[in-house]
Structures are given as C-alpha cells and as structure tokens.
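Protein chains in written order, with this note's numbering: chain A, 1 to 472; chain B, 473 to 767.
To start, the structure itself, in structure tokens.
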Amino acid sequence: MKKRIIAALLAGLMVVSVTACGNDNSAGSAGSEAPAQEAAPAESAGGSDSKEAPAETAQPSGPVELTVTTTFAGEDGNAQNYKNAVKAWEEQTGNTVVDTSATADETFKMRVATDFETGSEPDVLFFFNGADANSFIEAGKVLSIDEIRAEYPEYATNMNEDLIPDSLVDGKKYAIPVNGYWEAMFVNTEILEAAGVEMPGENYTMDMFKADCEKIKAAGYTPIAAALGNIPHYWWEFAIFNNQSPDTHLEIPESVEDANGQAWVSGMNDIKELYELGYFPDNTLSATDDETFAMFTDGKAAFLIDGSWKVGGIVGACQSDPEDPSTLDTDKLAKFDVTYVPGKGSRKATDLIGGLSSGYYITRKAWDDPDKRAAAVNFVEYMTSDEVVPAFAQHAASALKNAPVVDPAEFNELQLRAIEMMAGVTTLTGAVQDLFQGDCRVSTFDGMPEIVTGKVDAADAVAEGLDAYHNQ
Amino acid sequence: MGANIYRNKKPVFVFLIPAFLFMATFLYYPFIKNILNSFMSIKQLGSSATSFNTPWYGNYVDMIHDQNVWTSLKNTLIMMVVTLIGQVGIAIILALMVDNIGRGKQFFKTVFFFPIVISATALGLLFNLLFLYDKGMINQLLESLGKTQLTDWKAEGIALFTMMLPVMWQYVGFYFVILITGLNNISDELYEAARIDGASTWQCVRYISLPLLHNVICTCSVLAVTGALKVFDLPWTMFPKGMPLKSTFLTGTYMYYHTMETKNVDYGCALAVLIVVLGIVLSKVVNAIFREKDY
Numbered sequence: 001m002k003k004r005i006i007a008a009l010l011a012g013l014m015v016v017s018v019t020a021c022g023n024d025n026s027a028g029s030a031g032s033e034a035p036a037q038e039a040a041p042a043e044s045a046g047g048s049d050s051k052e053a054p055a056e057t058a059q060p061s062g063p064v065e066l067t068v069t070t071t072f073a074g075e076d077g078n079a080q081n082y083k084n085a086v087k088a089w090e091e092q093t094g095n096t097v098v099d100t101s102a103t104a105d106e107t108f109k110m111r112v113a114t115d116f117e118t119g120s121e122p123d124v125l126f127f128f129n130g131a132d133a134n135s136f137i138e139a140g141k142v143l144s145i146d147e148i149r150a151e152y153p154e155y156a157t158n159m160n161e162d163l164i165p166d167s168l169v170d171g172k173k174y175a176i177p178v179n180g181y182w183e184a185m186f187v188n189t190e191i192l193e194a195a196g197v198e199m200p201g202e203n204y205t206m207d208m209f210k211a212d213c214e215k216i217k218a219a220g221y222t223p224i225a226a227a228l229g230n231i232p233h234y235w236w237e238f239a240i241f242n243n244q245s246p247d248t249h250l251e252i253p254e255s256v257e258d259a260n261g262q263a264w265v266s267g268m269n270d271i272k273e274l275y276e277l278g279y280f281p282d283n284t285l286s287a288t289d290d291e292t293f294a295m296f297t298d299g300k301a302a303f304l305i306d307g308s309w310k311v312g313g314i315v316g317a318c319q320s321d322p323e324d325p326s327t328l329d330t331d332k333l334a335k336f337d338v339t340y341v342p343g344k345g346s347r348k349a350t351d352l353i354g355g356l357s358s359g360y361y362i363t364r365k366a367w368d369d370p371d372k373r374a375a376a377v378n379f380v381e382y383m384t385s386d387e388v389v390p391a392f393a394q395h396a397a398s399a400l401k402n403a404p405v406v407d408p409a410e411f412n413e414l415q416l417r418a419i420e421m422m423a424g425v426t427t428l429t430g431a432v433q434d435l436f437q438g439d440c441r442v443s444t445f446d447g448m449p450e451i452v453t454g455k456v457d458a459a460d461a462v463a464e465g466l467d468a469y470h471n472q
Numbered sequence: 473m474g475a476n477i478y479r480n481k482k483p484v485f486v487f488l489i490p491a492f493l494f495m496a497t498f499l500y501y502p503f504i505k506n507i508l509n510s511f512m513s514i515k516q517l518g519s520s521a522t523s524f525n526t527p528w529y530g531n532y533v534d535m536i537h538d539q540n541v542w543t544s545l546k547n548t549l550i551m552m553v554v555t556l557i558g559q560v561g562i563a564i565i566l567a568l569m570v571d572n573i574g575r576g577k578q579f580f581k582t583v584f585f586f587p588i589v590i591s592a593t594a595l596g597l598l599f600n601l602l603f604l605y606d607k608g609m610i611n612q613l614l615e616s617l618g619k620t621q622l623t624d625w626k627a628e629g630i631a632l633f634t635m636m637l638p639v640m641w642q643y644v645g646f647y648f649v650i651l652i653t654g655l656n657n658i659s660d661e662l663y664e665a666a667r668i669d670g671a672s673t674w675q676c677v678r679y680i681s682l683p684l685l686h687n688v689i690c691t692c693s694v695l696a697v698t699g700a701l702k703v704f705d706l707p708w709t710m711f712p713k714g715m716p717l718k719s720t721f722l723t724g725t726y727m728y729y730h731t732m733e734t735k736n737v738d739y740g741c742a743l744a745v746l747i748v749v750l751g752i753v754l755s756k757v758v759n760a761i762f763r764e765k766d767y
C-alpha cells in the first residue's frame with residue numbers, strides 16, 4: 001500500500017513539475033491571500049520638455065521591468081540612438097527595459113499581431129499607425145492618448161496634435177510619433193560619373209531616368225539596386241504613384257476596372273518594362289534586399305529607392321566598424337547622394353512618399369498593471385521629449401511643437417544632403433501600402449516576379465489583390 | 473503479498489499518465505484542432521476561428537487548383553529521392569570505405585558526423601555565403617578559373633539543386649554512423665573465412681557486408697524518406713518564400729509561408745493536414761518496400 005501511495009505521489013510530482021514550467025506565478029501566488037495592492041496614481045504627468053521628467057512625472061513605486069518592442073533595430077538609422085536613449089532612461093529611473101525590437105518587416109508585423117492575439121504583447125510598443133495597427137486597436141489592447149491624459153494630463157502635450165495621425169479604426173489618436181520618414185532615391189555618384197550621367201534633380205522624369213539607365217547599363221553597371229523577389233515595396237509604391245497624383249494616391253481602387261485600378265495595373269507594367277529593359281540586377285528575382293543594397297554600396301548599382309532609415313544603413317556601410325561612428329570613411333560617404341524619384345504624368349519628381357507613420361503605444365496590459373502604468377507613461381514621455389526626439393528625427397520631420405534648430409555640425413554629409421533634398425519637396429503623401437495590408441498584398445508583392453516575367457498578367461494580379469482587400 | 477507487487481501492473485499506468493497528458497496536450501489536441509481549423513475562417517495567426525469557410529471544404533478544393541501545392545509536392549518527392557540516393561547511398565559508400573581502412577576510423581567518423589551538430593539555420597547562412605551571386609566563394613573560385621560571367625546559383629533552373637545539395641550534405645554523416653555501426657556488428661570470422669576461400673574485397677562487400685546490412689539500410693531508408701517530409705529550416709533560410717518564382721517550395725515551407733507570411737492560417741492548416749496524410753501514406757509505402765528480413 002505504501003508503495004502505491006509513493007508511486008501516486010511521484011506521478012503527481014511529475015505532473016506538477018511539468019505544469020509548473022508554464023506558470024510564472026505558481027509559487028508566489030499560491031500562498032498569497034490578497035491580490036496585489038493598487039499603486040497610488042501618479043500626481044502629475046508633466047515634464048514633457050525635460051530629460052529630468054521621470055523625477056517629476058509618473059513615478060513607479062520601485063524598479064520596474066518594462067518590455068518594449070520597437071522597429072529601431074538592424075539597419076535602422078536610429079538603432080543606436082534608441083539604445084542610447086534606453087540606457088539613459090534606465091540609469092535615470094533605475095528601471096530596466098527588456099528590448100524586443102526587430103527590423104520592421106512583414107515577419108515583425110506578424111509577430112506583433114500574434115503577440116497581441118496571444119496576450120503576450122509588450123508594455124510599450126513603437127509601431128506603425130496605419131492599417132497594421134487596426135487589429136489591436138479594434139481589440140482595445142492599446143490606450144488612446146486621450147485615455148492616458150485623463151490620468152496624466154500633460155502626456156504628449158509637447159506634440160502638435162494635428163500632426164499625430166488618427167487611427168483608421170475610430171479616428172482617435174493612439175501613437176505618439178517620434179520621427180517621420182520619407183522615401184526617395186539614393187544615388188551612387190561614382191557610377192554616374194563613370195557613365196557620364198548628370199545627377200538627377202527636381203525635374204527628373206521617368207523618360208530621363210530610362211535614358212540614364214541605358215547609359216549606366218552600357219557602362220557595365222547595374223542601373224537599379226532592387227530585389228524584386230524579396231522587397232519590391234518601394235518600386236511598387238512609386239510605380240503606382242507615378243500613374244496617379246498626390247490627391248488620389250491614398251484611394252484604394254474599388255475594382256481593377258476603375259481609374260485607380262488601371263493606375264495600379266499601369267504601375268505594375270511600368271516595373272515590368274524596367275525589368276525587361278534589364279535595368280534591375282541579373283539576380284533581382286532570387287536576391288535578398290541585403291544583397292542588392294550591398295551592390296549599391298559596393299559601387300555596382302547606381303540607384304536605390306528606399307526610405308529615410310537607409311541613410312543609417314549607407315553610413316554604416318561606410319564605416320569600418322558599423323557600430324562605431326568614428327570609423328566613418330567620409331570619402332566613401334561622399335560618393336552617395338539622395339534625390340527625388342523620377343516623376344511621370346501628374347506626379348512631379350518632388351512629390352514624395354512620407355509622413356509620420358509610427359509612434360509609441362502604451363498597451364492596456366501595462367496600463368492595468370499598477371506597477372507598470374507609471375513607468376510605461378514615464379518611458380514614453382522620455383522617448384518623446386523635446387530633447388530626445390530631435391536625435392531620432394534628424395533629417396526627417398517630427399511632430400514636436402517646438403522643433404529645435406538643428407546644428408549642421410551634428411550631421412554627416414549624406415544627412416545634410418537629405419535635409420537639402422527635403423527642402424525642395426512639394427508634397428509628402430502617405431504610403432498606400434500601409435492601408436493595403438495582409439493577404440491582399442500577396443499577388444503583387446510576393447507575386448512581383450511572376451508579373452515582371454509575364455507569367456501572371458498585371459491586371460489579374462491587381463484584381464486578385466483588390467478582391468482579397470474588399471473581402472477582408 | 474511480496475510477489476503480488478510485481479504482478480500488479482496498475483502503478484505502471486500511474487507513471488504513464490504524465491507522458492500521456494503531455495502528448496495529448498501538445499500533440500493530439502493541436503492536431504485535432506488543426507484539422508478543424510482547416511475548415512474554418514481564421515483572420516490571422518493567433519485569432520480564433522470565427523465561422524466555417526464557404527463551402528467548409530473550400531481550402532481543400534483550393535489546394536487542388538493551387539499550382540504551388542503541386543510544385544511543393546513535386547519538390548518534396550524529388551527531395552525524397554535525393555535523400556535516398558544522396559544521403560543513404562553516399563553514406564553506404566563512405567561506411568564501406570571507412571570500414572576497410574585500418575587506421576583513422578574514429579577520425580573519419582567524427583569528420584563525417586560533424587555537420588549534424590551544426591544548426592540547419594547556421595548551415596543555411598553558410599551556404600548562402602558560398603552560393604552568393606556577387607563575391608560568393610564558388611563564383612570567386614570559378615572567376616579565378618577563368619569564368620567571366622557570374623552564375624546565379626539561386627536562379628530558377630538551378631535553385632532546386634542549390635537547395636538540395638546542403639540538405640543532402642548535412643545528413644550523410646547521420647546515416648554513415650548508423651551504417652558503420654551495422655558493419656561493426658558483422659563478425660570478422662565471416663570475412664576471414666571468405667578471404668581463405670579466395671574472395672576479393674568487392675566480393676566480401678557484395679556477398680557479406682551488403683546482405684548483412686540489409687536491415688540497417690532499410691531503417692536508414694525509412695528515416696531518410698520520412699525525414700525528407702520534415703525538411704524545413706535550411707531551405708527556408710536559403711530560399712524564403714519559395715524564391716525564385718515560387719519554384720523551391722517544399723510542403724513544409726509552403727505551409728509555413730501561408731501560415732506566417734500571407735496570414736492565410738486556415739489554408740496553412742489544410743496544408744498541414746496534407747503533410748500528415750502524405751507522411752502516413754509514404755511511411756506505409758516505404759515500410760512495404762524496405763521490409764526488414766529475419767535472419
């Protein structure tokens with residue numbers, strides 16, 4: 001009998017040991033009699049304009065561990081700025097940040113969506129404010145700025161309200177932007193010189209671009225650095241934009257037959273034409289974006305359409321140690337420039353894609369945790385303060401009310417050229433792909449190789465994507 | 473009473489319960505749920521299924537008309553042949569050669585087995601560098617030998633070869649170790665007797681080693697074929713999203729693509745069911761073909 005009891009106990013112990021692995025609080029909570037006490041709400045949020053903000057605003061009762069997910073990682077130009085800012089905040093408050101940042105690609109977006117669905121979302125999230133955020137806003141998993149202000153009245157008051165984008169779900173404002181973005185065309189001027197091509201300017205057209213590409217190709221270089229089989233996003237956006245105008249670009253076609261639908265088809269066919277002319281790398285269908293970017297920085301490809309975050313990537317490629325700015329080879333960096341994307345029809349070259357597409361969210365999970373609420377607010381206030389934001393915004397826009405005067409001495413040559421280029425922009429329009437999310441993209445993003453090789457008709461691919469969009 | 477404790481088997485069941493619960497929770501429940509999900513509409517990964525598809529078997533109809541499904545099935549079958557011939561075949565040759573050398577057996581065992589301990593993702597990255605179009609090691613070697621044009625090892629016509637070569641290379645050592653253990657179990661007396669009768673080395677291999685290795689080869693073949701169905705990480709690292717032109721999809725990578733990339737989760741579930749059915753059918757076929765012999 002004793003042996004049976006021992007056997008049963010042992011078996012029970014095994015079950016407990018297995019289940020305990022998945023239970024964070026099993027030991028601690030089992031013996032606790034009362035729920036954790038609510039922390040007293042902070043008296044004031046304030047301090048929106050000072051690095052000393054944590055001392056006088058939202059104050060957690062003790063050191064807190066915050067999980068923060070951002071897109072400041074990988075080749076993002078602000079990856080290092082983010083690390084520095086987090087370190088400074090940690091030193092100032094005694095809190096710690098568990099950083100789960102990653103490069104902003106489709107896998108990252110999927111990860112964030114899944115985290116919210118499964119209840120494992122971070123406490124603070126720096127994420128897109130377009131359609132990507134719809135699912136967790138619809139589920140009420142993040143707080144609107146107004147909701148936070150009910151308890152912390154000074155929250156985000158240093159921002160220009162008009163520049164904070166509204167949610168597509170309910171028109172409320174959720175994410176506090178830090179740095180804006182733009183998409184433009186980077187140029188390897190060394191190749192242009194070798195091919196006898198002038199630096200493109202504000203009146204650059206698609207026909208001029210094609211003529212230049214022909215010269216570059218004849219000189220033995222690849223005209224366009226792009227991996228159509230991996231990241232066709234930038235060409236997709238501008239090719240469609242080139243067949244529309246800034247006024248109509250953000251309208252998603254009702255069908256492939258209407259004017260906008262036809263513009264999308266023409267855009268896809270424009271990319272196909274460039275592919276057939278041999279302006280993309282030979283391995284554009286099988287290469288990764290990293291490979292074609294390396295072609296650009298290694299002086300093998302002339303043009304690269306990409307976002308403002310790529311400035312950091314190019315600068316990093318010009319450093320012998322990508323982590324150490326003091327190793328920057330300024331002569332190498334001088335070979336790169338940035339200019340407008342060739343225009344066509346109603347779109348001028350100076351009409352670019354850009355805006356404030358991302359921002360800091362505070363999740364309801366953190367808000368409902370009495371230990372984390374104040375720390376999360378404090379962290380976002382710090383990261384969006386007048387002192388921290390300019391370091392991130394650099395050559396791009398910000399939503400600060402009191403944008404500080406930038407000191408040119410703080411910028412490298414490419415950043416200064418970007419500032420100069422941005423001064424000539426006529427309109428800055430959001431990216432329509434931010435509204436066109438999910439499996440509706442598959443036929444024209446993942447399907448781009450089939451479109452350019454003629455295996456799938458552009459009109460069919462666009463129609464398939466629009467059907468998927470309207471059936472969502 | 474003392475002897476009864478050995479006849480009473482009930483305590484054994486008590487010990488089996490934890491493992492059973494573990495399997496039920498993490499294998500059988502998800503499997504049944506996956507079958508159900510393949511008939512449902514799921515908005516994105518992590519979302520609950522809201523309603524049945526219209527028609528409820530729609531994903532299975534779509535699968536029949538999906539060209540990529542046929543491509544992935546074809547590639548998976550090619551992968552099986554490659555693993556059988558490339559992995560088990562090469563492993564047999566290596567094992568027989570190593571078995572016939574006097575010194576250095578342990579050295580070769582270690583060298584050939586080593587790729588198994590490296591993660592498939594790391595190997596994928598390594599082979600990505602080898603096959604890189606610009607500045608890749610192989611293209612540089614070819615350039616130094618006088619080739620003027622770079623070869624795109626990931627281009628449509630050659631991508632499958634580039635994908636399967638590292639997969640094949642990685643697991644040769646695994647079957648090599650199993651086979652050489654089988655060879656070690658063959659009594660030296662048989663070889664000595666054959667030598668006295670005047671048998672050549674080839675005759676020893678043909679009439680002693682291979683027949684007595686039959687069951688081991690059968691086991692390796694079953695493992696290779698079923699293993700080919702599960703290959704995922706290395707192909708996905710080297711050829712994400714079935715690049716180029718969706719020509720390198722395997723059943724596993726295509727299921728992952730739909731589940732994780734296109735957010736078509738219920739279709740991914742249907743593909744997972746297809747993989748399970750394929751696995752069961754092929755296991756039966758392979759077991760029937762490579763039936764072990766009783767000696």
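The beta carbon of each residue, even a glycine, is placed where N, CA and C say it ideally should be.
Interface annotation for the region 297-331 of chain A against chain B: D298 and K300, criterion Cβ-Cβ distance under 9 Å. The three-state reading of DSSP puts R347 of chain A in strand, counting E and B together. Three or more Cβ pairs closer than 8 Å define a contact, and the region 241-259 of chain A meets that threshold against the region 342-351 of chain A.
Under the DSSP assignment, T620 of chain B falls outside any alpha helix (DSSP H); it carries neither an H nor an E label.
Taking CB atoms only, D460 of chain A has no neighbour in chain B less than 8 Å away. In the DSSP assignment, M110 of chain A falls within the unbroken alpha helix (DSSP H) covering E106 to E117. Here the alpha carbon of K372 of chain A sits roughly 7 Å from the alpha carbon of V64 of chain A. As the crow flies, the alpha-carbon of K718 of chain B is around 7 Å from that of N540 of chain B.
Secondary structure remark: continuous alpha helix (DSSP H) runs of at least 4 residues inside the region 281-358 of chain A, in chain order: 289-297, 310-317 and 330-333. With a threshold of 8 Å between beta carbons, D446 of chain A makes contact with chain B. Listed in chain order, the non-local C-beta contacts of M727 of chain B below 7 Å within the same chain comprise G740, L743, A744 and I747, local neighbours out to five positions each way being set aside. By the 16-neighbour rule on beta-carbons within 10 angstroms, E106 of chain A is buried. Cβ-Cβ distances below 6 Å link D351 of chain A to P246, T426 and T427 in the same chain, with the five nearest sequence neighbours on each side left out; the list follows chain order. A straight line joining the alpha-carbon of T157 of chain A with that of I507 of chain B spans about 51 Å. Following the DSSP letters along the chain, one finds M635 of chain B inside the alpha helix (DSSP H) bounded by residues A631 to N656.
For L695 of chain B, the enclosing alpha helix (DSSP H) starts and ends at L682 to K702. In the DSSP assignment, N378 of chain A falls within the alpha helix (DSSP H) that extends over R373 to M383.
E733 of chain B has a beta carbon lying within less than 8 Å of a beta carbon in chain A. At the C-beta level, A73 of chain A and T96 of chain A stay beyond 8 Å of one another.
Residues of the same chain with a CB within less than 6 Å of the CB of G654 of chain B, apart from the 5 flanking positions on each side, are L685 and V688 in chain order. Distance from the Cα of T593 of chain B is smallest, within the candidate group B:D705, B:N600 and B:Y729, for B:D705.
Sequence-distant partners of F585 of chain B (beyond 5 residues in either direction) whose C-beta falls short of 6 Å from its own C-beta, in its chain, are G645 and V649. Annotation: the continuous alpha helix (DSSP H) that includes F579 of chain B extends over K577 to F585. Assignment of L125 of chain A by DSSP, reduced to helix, strand and coil, places it in the strand class.
Of all residues in the region 711-724 of chain B, those with a C-beta nearer than 7 Å to a C-beta of chain A are K713, M715, P716 and L717, reading in chain order.
Within the same chain, Cβ atoms closer than 7 Å to the Cβ of T67 of chain A are found at V98, T100, P122 and D123, the five residues on either side in sequence being excluded.
With a beta-carbon spacing of about 5 Å, L517 of chain B and V737 of chain B fall inside the 8 Å limit used to define contacts. DSSP links N188 of chain A through a beta bridge to A:F336. Under DSSP, T429 of chain A forms a beta bridge with A:I353. Neighbourhood of A627 of chain B in chain A, by CB distance below 9 Å: D282, N283, L285 and S286, in chain order. Nearest in C-alpha terms to G430 of chain A, of all of A:E183, A:K401, A:E450 and A:P325, is A:E183. Of all residues in the region 509-540 of chain B, the ones placed with a Cβ closer than 7 Å to any Cβ belonging to chain A are Q516, L517, G518 and S519, in chain order. Listed in chain order, the positions of the region 59-79 of chain A with a beta carbon within less than 9 Å of a beta carbon of chain B would be empty, since no residue qualifies.
The closest CA to that of W89 of chain A, considering only A:D290, A:N129 and A:M383, is found on A:M383. Burial is judged here by how many other beta carbons sit within 10 angstroms of a residue's own beta carbon; S320 of chain A has fewer than 16 and is exposed. Contact annotation: N203 of chain A and A302 of chain A have beta-carbon atoms that are not nearer than 8 Å.
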